[in-house]
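Some notes on the structure that comes next.
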């Protein structure tokens, strides 16, 4: 009996230590992200960091305030007016070709349990709190502002620029994802690495764990908003979803299918879903989601037309920007020209960020009889 008591004591002691270590790690993570996000630091032991990062706090907050005034505040009003019904029935959001753009995902769909995102960019890591001083801190924060400069001004990332901007110090998308989570007044509870097994089931590990197998790899970030009585989760996978790549990873679709009541969001997606080499992902979206909100770079309008989806148009349609010599949709242009139900928008959305030629399609799957 005595031995059993001793065993239980040490087991309890070990559990308490593990919980304390977890809470300490959580506190450090949020302190790091508060600095990156140019927000007030809750941990008084590191208040001096705000002074050391004075330039970052000034420049980042000025850029964020401008973004809020010119775009986010207007998009929030549009969301409340136009996406209320979709948000009430959306449990999970699928955002293909997102890169680290959690900004738009959470702004338009703030109540989801899970956010399923992917891009070609690596998952990355956060800097260590002990490293965040002197020249390293100055350069790191400068790289953060550089990597986020385009989304702060245009509200989208440029893929070819992202690869170089996040490859050195940031090492991937995690710092940027974390910043967006924090700027929406969320507490980060945990950051883990996730592997999708061949049966479509996720295996959650520490960030440092390296799998011996060639598995689809990503991030799992669990967070909680102070105004909500639930945890929410972001999944980001660094993976190629062209048809020839998807042949070797059917488990990705199995994993995605395991999330019910999905809506899809597509924005600034380089017209990839217009191509024949992305038919697997295009068909998955059409067959497995209840609604899609997108700009013209998403699924071509003809596919919604063929399947009798209800499509509400917003804004104005324009030819693709000069970076893309494909993607113009005659049928969509004609619909915009003759449809008297097209609704105006007072914010830019997508590649035509310097004009009033932004378009949004709100697409709803027909109800099964």
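Residue numbers (our numbering): 33 to 401. Quick reminder that beta carbons are idealized off the backbone N, C-alpha and C, glycines included.
_Quick check: the Cα distance between residue 232 and residue 83, rounded to an integer number of angstroms?_
Whole-angstrom Cα-Cα distance: 47 Å.
Scan the stretch 98-133 and note each continuous alpha helix (DSSP H) run of 4 residues or more that stays entirely inside, going in chain order. The qualifying runs are 105-114, 116-121.
Task: Between the CA atoms of residue 312 and residue 267 - distance to the nearest angstrom - done: Whole-angstrom Cα-Cα distance: 20 Å.
What separation, rounded to the nearest whole angstrom, lies between the Cα atoms of residue 243 and residue 249? Straight through space, the alpha carbons of residue 249 and residue 243 are spaced by roughly 9 Å.
query = Could you give the uninterrupted runs of the beta strand (DSSP E) lying entirely in the stretch 289-335, keeping only those of 3 residues or more?
reply = Correct list: 294-298, 323-326.
Less than 7 Å between the beta carbons of residue 230 and residue 283, yes or no?
Yes. Within cutoff.
| Runs of beta strand (DSSP E) wholly within the stretch 128-187 (minimum 3 residues, chain order) | Entirely contained in the stretch 128-187, the beta strand (DSSP E) runs reaching 3 residues are, in chain order, 146-151.
Exposed or buried, what is residue 79 when buried is set at 16 or more other beta-carbons lying within 10 Å of its beta-carbon? Classification of residue 79: exposed, given that the 10 Å Cβ count is below 16.
Note to self: For a test of the three-state rule: what should DSSP assign to residue 74, helix, strand or coil?
What the structure shows: Note: residue 74 maps to coil in three-state DSSP.
* Asked: Considering only C-alpha positions, which residue in the set 101, 163, 150 is nearest to residue 127?
  -> Distances from the alpha-carbon of residue 127 to those of 101, 163, 150 put 150 closest.
Does DSSP put residue 227 in a helix, in a strand, or in coil? If DSSP states are grouped into helix, strand and coil, residue 227 belongs with the strands.
Check: Does DSSP classify residue 342 as helix, strand or coil?
Finding: Of the three classes helix, strand and coil, the one that applies to residue 342 here is strand, per DSSP.
Query - 8 Å contact criterion, which residue 364 and residue 333 should meet: CB distance rounded - result: With 8 Å as the limit, residue 364 and residue 333 qualify as a contact, their Cβ atoms being about 4 Å apart.
message: Suppose contacts are defined by Cβ-Cβ distances below 7 Å. Is residue 119 in contact with residue 291 by that definition?
response: For residue 119 and residue 291, no; Cβs fall outside 7 Å.
>> By alpha-carbon positions, which one of 288, 259, 260, 263 ends up nearest to residue 273?
In response: Nearest C-alpha to residue 273 among 288, 259, 260, 263: 288.
- Query: CA-CA distance, residue 137 and residue 183?
  - Reply: In this structure, the alpha-carbon of residue 137 lies about 13 Å from that of residue 183.
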